[in-house]
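*Asks:*
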Amino acid sequence: MPSVEFAEKVVASYRPSYIPNAVFIGGTSGIGRAMLEALAKQTQGRVNIWIVGRNKAVAEEIIASIPSPSPPEPEGSMATPCFTREFVACDVSLLRNVQAMTQELLRQTGGKINVLVITSGNAMSMFSRVETADGLDLQMMLRYYSRFKMIEDLVPALENAHALGQDARVMTVLAAGIGLKVPIDDLDLKKWYNYLKVHMLTGVYNDVMIKVRTLVSLPPTLFVSARHRY
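Here this note's numbering is used: position 46 in the sequence shown is 62, and no number is missing along the way.
(1) Go through its chain and collect everything with a Cβ distance to residue 190's Cβ below 6 Å, but skip five positions before and after it.
(2) Please report the distance separating the alpha-carbon of residue 82 from that of residue 173.
(3) Report the option in 216, 123 and 185 whose CA atom is closest to the CA atom of residue 159.
(4) Is there contact between the stretch 116–129 and the stretch 24–39, where contact requires at least three CB pairs shorter than 8 Å?
(5) I'd like the ranges of any alpha helix (DSSP H) spanning at least 4 consecutive residues and lying wholly in the stretch 34–87.
(6) Quick one: grab the DSSP three-state call for residue 146.
(7) Per DSSP, which one or two residues make a beta bridge with residue 134?
(8) Let me check one thing: in DSSP terms, what residues is residue 153 bridge-paired to?
(9) Give me the Cβ distance between residue 78 and residue 44, rounded to the nearest whole Å; I'm assuming they're in contact under 8 Å.
(10) Report the residue from 168, 177 and 179 whose alpha carbon sits nearest the alpha carbon of residue 188.
(11) In angstroms with no decimal places, state the Cα-to-Cα distance between residue 251 and residue 150.
(12) In three-state terms, what does DSSP make of residue 247?
(13) Is residue 93 helix, strand or coil by DSSP?
(14) Where does residue 153 land, buried or exposed, given buried means 16+ other C-beta within 10 angstroms?
(15) Which residues in the same chain have their Cβ closer than 6 Å to the Cβ of residue 144, if we skip the five residues on either side of it in sequence?
(16) Identify, in the order they occur along the chain, each residue of the same chain with its Cβ nearer than 6 Å to the Cβ of residue 106, setting aside the five sequence neighbours on each side.
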């Protein structure tokens with residue numbers, strides 16, 4: 017595993033020659049917001065950003081805080097490009113909402129995404145199974161099914177960026193590396209529902225999804241599954 021010093025050096029050297037398109041799903045708070053703000057700072061605002069979430073007021077506050085890029089040098093320079101900062105409202109507890117959101121992102125980004133960060137979280141204080149209108153457990157929908165749908169729908173836009181010789185990265189932050197045994201006869205935990213088991217198993221499901229996607233999509237560096245620390 018690379019050292020912190022090495023990671024910091026790589027981050028500090030990130031200066032793309034193009035304007036990247038970055039999508040943050042769950043970007044209005046916590047890790048997602050911190051990563052968004054770090055990317056905006058590192059690129060000095062020379063980045064197109066889409067924030068997906070439910071809190072428009074907070075998203076607008078974040079957008080207002082993104083640094084404005086310095087104007088180009090007058091001599092021999094092109095006109096200052098326009099930078100996109102957009103909020104896309106979405107309640108990811110329903111598949112139809114996720115579908116509408118991904119299609120809107122594909123439209124707004126022109127079908128090209130360089131950075132996709134997914135940190136959308138949990139339904140708080142749920143210790144029993146609650147089914148959505150789709151017939152899926154709400155916790156599992158928020159932590160796994162919605163993420164699967166987001167990645168499945170948006171991967172073509174990342175592949176388009178890669179085809180242009182640009183960065184194409186997906187990071188999903190949840191509970192990577194737990195390695196819990198998967199109950200093959202009860203994948204959706206209808207028989208033995210347990211709050212802690214749901215949290216741990218959805219981390220395993222995400223790891224499996226990322227591993228499979230790595231095999232069938234672009235080079236292995238495209239996908240990163242991470243675990244948050246308290």
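Even for Gly, the Cβ is constructed at its ideal location relative to N, Cα and C. Bear in mind the structure is a predicted one, so any value in this text is a computation, not a measurement.
*Replies:* Well, looking at it:
(1) 219 and 222
(2) 24 Å
(3) 216
(4) yes
(5) 46–58 and 72–81
(6) coil
(7) 41 and 188
(8) 147
(9) 7 Å
(10) 168
(11) Since the first and last residues shown for the chain are 17 and 246, residue 251 lies out of range.
(12) Beyond the ends of the chain as shown, which are 17 and 246, falls residue 247; an answer cannot be given.
(13) Bear in mind that the predicted position of residue 93 carries a pLDDT of just 47, short of 50, making it unreliable; the figure below should be weighed with that in mind. Residue 93: coil per DSSP, three-state reduction.
(14) buried
(15) none
(16) 68, 113 and 117
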